[in-house]
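Read through the structure below, which is laid out as structure tokens, and then see the notes.
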Amino acid sequence: MASYIVRRLGYMLITLVFVTVVGFFIIELPPGSYLEFHIQSLRQQGGDVTPDQIAALERRYGLGDPVHVRFYKWISGFPRGDFGQSFQHQRPVGELIWSRLGYTLLISVLTLIISWGIAIVVGVYSATHRYTIPDYLITVLQFIGLAIPNFLLALVMMIVLQQTFGMRVGVLYSREFRDAPFSIAKLLDLASNLWVPIVILGVAGTAWTSRVMRANLLDVLNMQYVQTARAKGVYEPKVIWKHAVRNALHPLVMTLGLALPGIISGEVIVSTVLNLPTSGPLFFQALIQQDMYLAGTFLVFFAVALLIGNLLADIMLAWLDPRITYR
Amino acid sequence: MTDQVSVQETDAGQQVEQPSAQGNIVEVRDLHTYFYTDLGVARALNGVTYNIPREKVLGIVGESGCGKSVTALSIMNLVQPPGKIVSGEVVLHRVGAKGANTEVVLTDLGRHSTQMRRIRGNEIAMIFQEPMTSLNPVYTIGDQISEAFILHQGVNKDEARRRSILILDRVGMPYADTVVDQYPHQLSGGMRQRAMIALGLSCAPSLLIADEPTTALDVTTEAQILDVMRGLQSDIGMSIMFITHDLGVIAQMADEVVVMYLGRVAEQAPVDSIFYDPLHPYTRALLRSIPHVGEGTKERLKPIRGVVPNPYSNISGCPFHPRCDEFMPDVCDVNVPGITMTEDGRAVRCFLYSDRVEKNG
Amino acid sequence: MTDITVEKIAAEAGEEISTVGEIPQSKLIWMRFSRNKLALVGGVGLIIMYIIVALGPFIASNHFRNQNQDYLYGPPTPVTFRGADGRLGLRPYTYEYITRLDQESFKFVFDFDRDTRLPLEFFVRGDEYELLGFIESNVHLVGVQGEQRFYPLGTDALGRDVFARLLVGGQVSLTVGLVGVALTIILGSVMGTISGYFGGAVDDVMQRVIELILSFPTVPLWAALAAALPPISRSFTAIHRFFLITVILSLVNWTGLARQLRGKVMGYAESDFVMAALAVGASDARIIFVHMMPNASSHIIVVAALAIPGMILGETALSFLGLGILPPAVSWGSMLTQAQAVPVVIEHPWLMTPGIAVVLAVLFYSFLGDALRDAADPYSI
Ligand SMILES: Nc1ncnc2c1ncn2[C@@H]1O[C@H](COP(=O)(O)OP(=O)(O)OP(=O)(O)O)[C@@H](O)[C@H]1O
Ligand code: SF4
Ligand SMILES: [Mg+2]
């Protein structure tokens, strides 16, 4: 097992190198130099940019260097936590992204856990109550849940919460807690605001996962070993939960690798609509302003999160299914 | 559990034509099990009646799809939707402490009821057709056998594990104390089937239903498994209902034989009578189509002519009449033959032996 | 032990047990598909949507770019079937409106004069438009004669007809899925087949590339690529941008199809029909295109149908964020950018109608895709 994880980590590192290459490629992609964009905006703000300053900036960002040297400069900063400079914010990228990435991950992981919890129960229910009215109702809800774009759901939720409950959406902490030190009360306040993005994000995931769960469980329920358990005299709910669900979870965990990108994508969009202080608004703003080091670094870290998520999914799979050998 | 079990007096008066209930552990009476699929209603069992004699081996033969597995599942009350036991009953005869005979009508118990669950795996156990898929891949052999002990004998985990090793040893599992901690995928097909038999025998059932337990195995392994089963049957003194479509296995294993055709029993008789004095034309046709051991005839084997109708079709009269050599026009294709009891206690459904007609056929 | 089984006897006699196996696969799939009621709903719904959208400029009363300065954020114009005499009739009317500036809120308010009825007429002449790219006309399905205009879904911030924009925007949003899926199929089947057929180093490289693409979350990756597209100019038109956006969408989507096809093709490589083709010296291309592709076609169709909703949702999200379809082109997503601020939506709820259109289109496509998948392979998810 340990050597399996080590080998997986090795693969991950190789992929990571290529991820940074793609990240850098995207940084370089927009036409025109970001320095031009930067100088232009400095001029617009009324500042006068001297040739000396331009030369200094060029040196600082190594714009005169060939591509591979620039790439090397960029990634060699990674171990020091130096991901380049954000032009738009006039600050190092490293200072801007951490707390935002943290909240993105927090929201994504919470959504994943909660939506899986609900989806498994719903999936088991509809598989064991096939062709009943509740099953049809669940199917309808699943279709709708998958058809509503999450940003639209975010808009609708914002309107409903504001109109009917007067709730202020778009913050993680209420005003009085924003700068307060960590406390239980602050955590509760966070929870009271966090449920909104989690619900919005969770709808599509829950709909999808519960459908996969239903189909998997229906497959498993046709297996001979389920009848074996019944023939032993095992109580039906136990037949379902102990003997069938455990096997049905296996293909579900395999789809975790597909679910994670969806959730992170969703979080980025939803938080942009809700204007939450997470990655989304900053990332899209950076893209629109062509603040490419900031955007590229975000992209690399999204990929890192996914790679770690996939690793965890693989480990979980190995734990769930004794047939998997750690080759 | 006694109060809720429906106990009946043996109703001998109404069942004159039925085979004798004496010494039977299970009686299946006019059982209809249908499957409601989108292709139509499959009448998998269409009035099945037979008896499983106590402490004997009953062999069940018939072509694929004739309803052998469905009968077994119906006895266990394990028919899953879209299948349903529509009518008829399955009666379990219990021998009480003082020889008192009580009857439990299994078909009256709910599929998921406590009483039914206490019978399953305890009084009646079942081994399935495919050893490769009948064990749960994510639990060890020991966990799966222990579950039965914990459920029916109320022992703790350690004791259940100890008993699991014992029973594995008893069915001839090599290295039982290693295998107990292994997963099904680590075992060969033969070992898995031994594990299944161990699971079936764990609570010393009075009836073991074995649905083609050796079909998927090679000949050597098959012989070993059959030996084990026969040996345990006489040791424990249980009944076995042995489903197969291998007449050779029947000759070796069974005391009594039920021949099924298209959801009905064609004939039930002791094994010798089936092989040397078959009554039903279908049984005869079956036997003509296999080489007789020791006779050394040069005669060509005769396949049964015609095709097996599918269970969705509704054949008028005797279900075998389109393929029967003794077909009697205006008789066989009009009415369904009822069960005829011969003087020596054999049951056969054919107009050659009486003109008894099935009432609601 | 005799090894004579009833099956063997039957087999020796050459009997057939069942005829189900003789129905060709494609016919079975069609049988199962046509029995599915949701598929019917999805199919008919989509056909209607595509027809309405294609005829959009004719069906809507106004040109989608026409700005009515007197009717900014105007509500849907009311319709009544009550004539001037107060009785119900078949003739629809709308009312004349008067624009006035509210002195307190400093907003324009539209008062409908319930006494002045304007008859709604069919085949009215109005704005010039081009239908399906070649029919030029100025006849609209319904409209009002004279100065006033008919806005069944109100107007947006610039006084443009939301209904007209919804139909024209639908042309973009509903085409993105089709074009994107076509690209996905081409890329996915070429890559997947090559990967599965040749195996070895080619396969390894391909698998790593796919893994790399899949290690990015889709929407941020799309957005980053879309952000690199040049701004719309004379040399880079809205059509160019539209096409490149679909390319970007399918750039991520092909990986799924490629992976599945690779598995299929690897399975086929050992199958009898490929062996036979190899034995008679068929070329690689012939084996791939004549023998393997047709066998995988049902699979490709299913994957494609299931991919369309994702494409539509992707375009909508990108355009909504200002990174997809940009003015002067219009799509459902870009229309929704106007609905980003809550107070605006609360006062002008009709701005949300493109959202309903998206949900409907995606629903219909999922019905269709699901039914196709169930029909082609009833045992998978
Ligand atoms: N789950 C099911 N759904 C629909 N029909 C079924 C189902 N199970 C059994 N049947 C029907 O019942 C008939 C009898 O099936 P059964 O499994 O009892 O055959 P069998 O005699 O055990 O055959 P085999 O020797 O192949 O095991 C079949 O022909 C089939 O049409
Ligand atoms: S009833 Fe008639 S058709 Fe049926 S088996 Fe007997 S003789 Fe043959
Ligand atoms: Mg069977």
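Protein chains in written order, with our numbering: chain A, 166 to 492; chain B, -15 to 345; chain C, 630 to 1010. Even glycine gets a Cβ: it sits at the ideal position worked out from N, Cα and C.
When every heavy atom of ligand 4 is checked, does at least one fall within less than 7 Å of the C-beta of residue i?
{"i": "His16(B)", "result": "No copy of ligand 4 occurs in the structure displayed; its ligands are ligand 1, ligand 2 and ligand 3 alone."}
So the beta strand (DSSP E) residue i belongs to, where does it begin and stop?
{"i": "Tyr296(B)", "result": "Segment: none, Tyr296(B) is in no beta strand (DSSP E) and carries neither H nor E."}
{"i": "Ile274(B)", "result": "Counting along the chain, Ile274(B) falls outside any beta strand (DSSP E), and DSSP gives it neither H nor E."}
{"i": "Thr709(C)", "result": "708 to 711"}
{"i": "Lys68(B)", "result": "67 to 79"}
{"i": "His305(B)", "result": "Looking at the DSSP string, His305(B) is not in any beta strand (DSSP E), and its letter there is neither H nor E."}
{"i": "Glu240(B)", "result": "240 to 245"}
{"i": "Ile191(A)", "result": "Unbroken run through Ile191(A) is the alpha helix (DSSP H), 167 to 193; no beta strand (DSSP E)."}
{"i": "Val351(B)", "result": "This structure cannot settle anything about residue 351(B), because the visible part of chain B is limited to -15 through 345."}
{"i": "Ala194(B)", "result": "191 to 195"}
{"i": "Met346(B)", "result": "Residue coverage of chain B in this structure runs from -15 to 345, which leaves residue 346(B) outside it and unanswerable."}
Would a C-beta distance cut-off of 8 Å place residue i and residue j closer than the cut-off?
{"i": "Ile917(C)", "j": "Tyr826(C)", "result": "yes"}
{"i": "His920(C)", "j": "Gly783(C)", "result": "no"}
{"i": "Met798(C)", "j": "Val971(C)", "result": "Looking at the sequence provided, one finds Gly at residue 798(C) rather than Met. No, the Cβ-Cβ distance between Gly798(C) and Val971(C) is not below 8 Å."}
{"i": "Ala106(B)", "j": "Cys50(B)", "result": "In the sequence under discussion, the amino acid at residue 106(B) is Asn, which differs from the Ala named in the question. No, the pair does not count as a contact, with Cβ atoms beyond the cut-off."}
{"i": "Arg778(C)", "j": "Asp1003(C)", "result": "no"}
{"i": "Leu185(B)", "j": "Leu216(B)", "result": "yes"}
{"i": "Ile192(A)", "j": "Gly951(C)", "result": "no"}
{"i": "Leu366(A)", "j": "Asn315(A)", "result": "yes"}
{"i": "Ala460(A)", "j": "Ala451(A)", "result": "yes"}
{"i": "Val368(A)", "j": "Leu417(A)", "result": "no"}
{"i": "Gln800(C)", "j": "Val881(C)", "result": "no"}
{"i": "Asp247(A)", "j": "Pro231(A)", "result": "no"}
{"i": "Pro781(C)", "j": "Pro704(C)", "result": "no"}
{"i": "Leu201(B)", "j": "Gly174(B)", "result": "yes"}
{"i": "Thr723(C)", "j": "Val708(C)", "result": "yes"}
With residue i as the anchor, note down where its alpha helix (DSSP H) starts and where it stops.
{"i": "His136(B)", "result": "125 to 137"}
{"i": "Asn85(B)", "result": "Careful: Asn85(B) lies outside any alpha helix (DSSP H), inside the beta strand (DSSP E) at 85 to 89."}
{"i": "Met678(C)", "result": "666 to 683"}
{"i": "Ser912(C)", "result": "Premise fails: Ser912(C) is in no alpha helix (DSSP H) and is neither H nor E."}
{"i": "Leu318(A)", "result": "315 to 325"}
{"i": "Leu42(B)", "result": "From DSSP, Leu42(B) is part of no alpha helix (DSSP H) but of the beta strand (DSSP E) over 41 to 45."}
{"i": "Phe466(A)", "result": "457 to 485"}
{"i": "Ser734(C)", "result": "Premise fails: Ser734(C) is in no alpha helix (DSSP H) and is neither H nor E."}
Using the beta-carbon count (16 or more within 10 Å), is residue i buried or exposed?
{"i": "Glu11(B)", "result": "buried"}
{"i": "Arg488(A)", "result": "exposed"}
{"i": "Lys656(C)", "result": "exposed"}
{"i": "Tyr296(A)", "result": "exposed"}
{"i": "Asp479(A)", "result": "buried"}
{"i": "Trp851(C)", "result": "buried"}
{"i": "Gly126(B)", "result": "buried"}
{"i": "His264(B)", "result": "buried"}
{"i": "Ser(-10)(B)", "result": "With a pLDDT of 39 at Ser(-10)(B), under the threshold of 50, the modelled position of that residue is not reliable, and the figure given next carries that caveat. Label assigned to Ser(-10)(B): exposed."}
{"i": "Val671(C)", "result": "According to the sequence shown, residue 671(C) is Gly rather than Val. Counting Cβ neighbours within 10 Å, Gly671(C) comes out buried, since at least 16 surround it."}
{"i": "Asp833(C)", "result": "exposed"}
{"i": "Asn475(A)", "result": "buried"}
Can you name the residues that DSSP bridges to residue i?
{"i": "Ser862(C)", "result": "Ser862(C) is not bridged to any residue."}
{"i": "Asp740(C)", "result": "Ile727(C)"}
{"i": "Arg746(C)", "result": "Tyr724(C)"}
{"i": "Gln250(A)", "result": "Pro257(A)"}
{"i": "Pro321(B)", "result": "Val341(B)"}
{"i": "Tyr34(B)", "result": "Val12(B)"}
{"i": "Gln252(B)", "result": "Val242(B), Ala331(B)"}
{"i": "Arg754(C)", "result": "Val768(C)"}
Q: At 4 residues or longer, and completely inside the segment 153 to 183 of chain B: list those alpha helix (DSSP H) runs for me, N to C.
A: 160 to 163
(Q) Ignoring anything shorter than 4 residues, give me the alpha helix (DSSP H) runs that lie fully in the segment 769 to 822 of chain C, in order along the chain. (A) none
Q: Entirely within the segment 354 to 441 of chain A and at least 3 residues each: give me those beta strand (DSSP E) ranges in chain order.
A: none
Q: Kindly provide the ranges of any alpha helix (DSSP H) runs that are 4 or more residues long and lie completely inside the segment 922 to 978 of chain C, ordered along the chain.
A: 922 to 949, 961 to 965, 971 to 976
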